[in-house]
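Novice: Dropping the structure in here first, questions after.
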Amino acid sequence: MTNRPAPPHDGNAPAMDEEADERGFFAEQAPKSASLKKSDLLPRDEKQAHYHGHRDRLRARYREHGDAALADYEILELLLFRLIPRRDTKPIAKALIERFGNLAGVFGAPAALLQEVNGVGEAVAHDLKLVSTVAHRMLKSELRGKQVLSSWSSVIDYCHAAMAYEAREQFRILFLDKRNALIADEVQGRGTVDHTPVYPREVVRRALELSATAIILVHNHPSGDPTPSRADIDMTKTIIDTAKPLGITVHDHIIIGKEGHASLKGLRLI
1 MTNRPAPPHD GNAPAMDEEA DERGFFAEQA PKSASLKKSD LLPRDEKQAH YHGHRDRLRA
61 RYREHGDAAL ADYEILELLL FRLIPRRDTK PIAKALIERF GNLAGVFGAP AALLQEVNGV
121 GEAVAHDLKL VSTVAHRMLK SELRGKQVLS SWSSVIDYCH AAMAYEAREQ FRILFLDKRN
181 ALIADEVQGR GTVDHTPVYP REVVRRALEL SATAIILVHN HPSGDPTPSR ADIDMTKTII
241 DTAKPLGITV HDHIIIGKEG HASLKGLRLI
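Take a look at the structure:
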């Protein structure tokens, strides 16, 4: 090896051995790599996935004690675990409950409004609406083949699930046969936040097409208050007067709101 001349000495700084300086440089780097922890080698999202243990504990609590042991937002969390596998869903569940009030409000909300909550994309919103549809179908199946008038609580539950959280008024008719069993359930019209056009002749015509001998009128109040208006009462009486000569009975007119329901027959308004 050929000897290399030493670098010129700066009079203001002490002379340094070049080899010692290089050894010191590499010696400083070694401890950094040696001190790396296993967690430092994980992807960023895995290091921050602190929610995995929380998910296991929540599932175990549900498995051992059922839904009574969980708050509404925790029930929603259990569902969101499957819809959003790589994110902490607790804040999302709480934000949904805060925005829409309760579980019924979350599942009844339009998909567009669900997507306004941070963390809820189009796919998640549609999956939540699918759960809502399944619940509606289950409640509706409880009415099939049964005498509706003897299953009144099931009728109310179904109508509330289907209509209470609609953003616009809709007018629904339950068509019944001579045994008062459900033939069909149809939405006859959709309107604005406080009005739906109803045509008594069209109501009666559809009942005749289905060979229905009785009907139950249902509509919702998006304001949440199910108190019937004068227009609601007058419209119901007009339909009764139109249907009666043709052998079609109007059993009731139910108004659905977020805060409950009102029966015009129960209120002795018809």
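Using UniProt numbering, the first residue of the sequence shown is number 1, and each one after it goes up by one.
Heads up, the beta-carbon is just placed ideally off N, CA and C, and yes, glycines get one too.
Going by other Cβ atoms of all chains shown within 10 Å of its Cβ, with 16 needed for buried, is Met235 buried or exposed?
Specialist: buried
Novice: Among the residues of its own chain, which have a CB less than 6 Å from the CB of Glu166, if the five just before and after it don't count?
Specialist: Asn220
Novice: Let me know the secondary structure DSSP gives His253 once reduced to three states.
Specialist: DSSP places His253 in strand when its eight states are reduced to three.
Novice: By the three-class DSSP mapping on this structure, what secondary structure does Glu64 have?
Specialist: helix
Novice: Please report how far the alpha carbon of Pro228 lies from the alpha carbon of His261, in whole angstroms.
Specialist: 10 Å
Novice: Please list, in chain order, all residues of the same chain as Ala164 whose beta carbon is under 8 Å from its beta carbon, the five residues on each side excluded.
Specialist: Ala104, Gly108, Asn220, Ile256, Gly257, Lys258
Novice: Are the stretch 143-158 and the stretch 87-94 in contact at 8 Å, needing three or more beta carbon pairs?
Specialist: no
Novice: Using C-beta distances below 6 Å, list every residue in its chain close to Phe171, excluding the 5 sequence neighbours before and after it, in chain order.
Specialist: Gln188, Gly189, Thr196, Val198, His219
Novice: Is Ala69 near Tyr62, with beta carbons less than 9 Å apart?
Specialist: yes
Novice: Need the endpoints of the alpha helix (DSSP H) that Arg206 sits in, please.
Specialist: 200-209
Novice: Please return the same chain residues whose Cβ sits closer than 7 Å to the Cβ of residue 273, not counting the five positions on each side in sequence.
Specialist: Given a span of 1 to 270 for the chain in the structure shown, any question on residue 273 remains unanswerable.
Novice: Would you kindly work out how many angstroms separate the C-alpha atoms of Leu113 and Pro222, rounded to a whole number?
Specialist: Rounded to the nearest angstrom, the two C-alpha atoms are 15 Å apart.
Novice: Evaluate Leu176 with the Cβ neighbour count: other Cβ atoms within 10 Å of its Cβ, from every protein chain shown; 16 or more gives buried, anything less gives exposed.
Specialist: buried
Novice: Should Glu77 be labelled buried (16 or more other beta-carbon atoms within 10 Å of its own) or exposed?
Specialist: buried
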